[in-house]
Every structure is written in structure tokens, then in C-alpha cells.
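Participant: Once you've had a glance at the structure underneath, I'll fire off some questions.
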Amino acid sequence: MDVETELTKIDRLAAEISDHTLPGVIQFLFQEQGFGGEKDDYYNPANSYIDQVLQRRRGIPISLAIITIEVARRCDVPLFGVGMPGHFLVGHKEAEGVFVDPFEGKIIDESAARDIFLTLHPGQEFQTEFLSETTPEVILLRMLNNLRMIYLKDRRVSELTAVLELLVCLDDCPIDEFHRLASALDALGRTDEAARHLDNAADRYSGTDAEQMRTRATHLWARLN
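So for the sequence shown, my numbering puts the first residue at 188; every next one is plus one.
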């Protein structure tokens with residue numbers, strides 16, 4: 188993917204908008220441009236790649252949210268990501284209680300956001316904290332986790348490895364992902380990389396976590412002798 192090319196596409200979308208308000212942005216993206224949620228093939232990895240979402244006009248909540256936020260930002264409409272469990276939303280920084288459901292392409296209020304959560308999680312308690320702003324780092328972590336789960340389920344080891352290599356670069360990456368990456372690299376015949384990766388990762392931890400990584404790395408190195 189050429190990042191500059193995709194950013195230019197977002198620039199061009201924003202440049203076509205004459206009504207620099209939240210309703211104006213939503214009308215343009217989801218009515219005039221045809222962006223919307225992919226309901227027939229939700230777990231297609233293409234729904235998580237921004238370049239493909241821009242091309243196909245179809246995505247999952249989090250990818251559509253990113254496009255919405257970035258187009259709106261260029262129109263001086265300040266939005267933020269809302270990592271509500273199970274369904275990513277968009278919030279308005281200057282209008283409390285105003286949200287966007289990017290999957291449905293519509294503006295909603297807190298009550299509607301609560302209804303979405305309760306539909307997805309019947310019997311669970313809704314918390315207002317679910318509607319708090321989500322940092323870019325956590326958004327990236329969530330997107331990569333989505334892809335990790337898809338590729339893991341489909342046993343697409345090469346694609347899984349590429350995603351895990353990005354995941355482990357994040358500060359908030361769970362330690363299990365380091366071991367998962369080592370397993371994926373080993374499965375691809377890249378055992379030396381798996382061992383080297385564990386040795387390097389161990390330096391980021393201490394105690395039992397670091398010891399387990401180094402022990403596993405030693406076993407991998409031994410297989411290469």
C-alpha cells in the first residue's frame with residue numbers, strides 16, 4: 188500500500204465537502220459516496236485495510252470510523268474514536284453526547300449507543316466509560332487484533348505473521364503475542380528469526396516472563412544446531 192496515495196484520496200474526499208458540519212460530512216460519505224458497513228462478508232480481511240475500504244466503500248466499524256475521523260478533521264470537524272466493546276463508534280469533541288455509528292452511517296445519541304451495546308451483549312451492564320475517547324495507539328491495537336483473529340481462525344500463517352510483527356511493536360501488546368509470533372515464524376521455517384525475536388523480546392520484560400522467553404529461544408536455537 189502506498190500511504191501517500193491513500194492519504195491523497197482522503198484529502199480529495201474532504202475537498203469535495205461544502206458543508207463543514209458533522210451532518211454534512213456524514214451525508215457526503217455515507218449517502219453521496221456510498222460508504223457503509225460490510226454486512227455480507229464481515230470477516231473479510233479487506234474490511235480492515237484502509238486502502239481497500241476506500242476502494243470498495245465497505246468496511247467494519249473501526250475502519251469506517253478512521254476514514255470518517257480523518258475526512259472530518261480536514262473539514263475542521265473534530266471527532267474522536269470510541270472503542271465501545273463489540274462496536275466501534277465516533278464521538279464529537281465539541282458536542283457532548285453526539286456520536287456516529289459508522290457501520291450504519293448515521294448520527295446517534297448516547298441512548299442509541301447503549302442500545303447497540305445491549306443488543307450485542309445481552310445481560311451485561313452498559314458503562315458510560317465505554318463511550319470515552321480511544322487513543323490512536325489503542326485503535327491500532329484493536330485493528331491489528333481483528334486481523335490477527337481472522338488470520339488465526341483461517342490458518343493463514345504468512346498473513347498472521349505479518350500482523351503479529353506489527354502487534355509486538357506496540358507498547359500495549361500482550362505478552363502472549365510474542366510467543367504467538369515465535370510459533371508462526373517457526374511454522375514458516377524461520378526458526379532462527381523466532382529464536383532471535385524471543386531473545387530480543389525478553390529484554391523488554393523481567394522475572395518469569397523473560398525467563399520463559401529465553402528458555403524457549405534456547406530450545407529453538409538448539410534445533411538449528
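The beta-carbon is built from N, C-alpha and C at its ideal position, and this holds for glycine as well.
Sorted by chain position, which residues of the same chain lie with C-beta nearer than 8 Å to E324's C-beta, five sequence neighbours on each side aside?
Facilitator: Result list for E324: L357, D358 and D359, in chain order.
Participant: Assign H384 to one of three DSSP states: helix, strand, or coil.
Facilitator: In this structure, H384 counts as helix in the three-state DSSP scheme.
Participant: From the DSSP output, in three-state form, read off I204 for me.
Facilitator: If DSSP states are grouped into helix, strand and coil, I204 belongs with coil.
Participant: Looking at the strands, I want to know which residues DSSP matches up with F286.
Facilitator: G278 and I295, per the DSSP bridge assignment.
Participant: Roughly how many whole angstroms lie between the Cα atoms of F418 and L209?
Facilitator: In the structure as shown, the chain starts at 188 and stops at 412, and residue 418 therefore has no counterpart that could be examined.
Participant: If you run the structure through DSSP and keep just helix, strand and coil, what is R377?
Facilitator: DSSP places R377 in coil when its eight states are reduced to three.
Participant: Tell me whether R245 sits in a helix, a strand or coil according to DSSP, three-state version.
Facilitator: Correct three-state label for R245: strand.
Participant: Using the beta-carbon count (16 or more within 10 Å), is R367 buried or exposed?
Facilitator: Buried, because 16 or more other Cβ atoms sit within 10 Å of the Cβ of R367.
Participant: By how many angstroms is the C-alpha of L216 removed from the C-alpha of A299?
Facilitator: Going from the Cα of A299 to the Cα of L216 covers about 21 Å.
Participant: Can you pull the DSSP bridge partners for L266?
Facilitator: BP columns for L266 point to H279.
Participant: Could you pull out every residue in the same chain whose Cβ sits closer than 8 Å to the Cβ of I256, ignoring the five residues on either side in sequence?
Facilitator: Around I256: L266, F267, G268 and V277.
Participant: Can you name the residues that DSSP bridges to G224?
Facilitator: According to DSSP, which records beta bridges pairwise, G224 is partnered with G246.
Participant: Please confirm whether E193 and D238 have their CB atoms less than 8 Å apart.
Facilitator: Yes.
Participant: Please confirm whether R403 and L385 have their CB atoms less than 8 Å apart.
Facilitator: Result yes, Cβ atoms of R403 and L385 sit closer than 8 Å.
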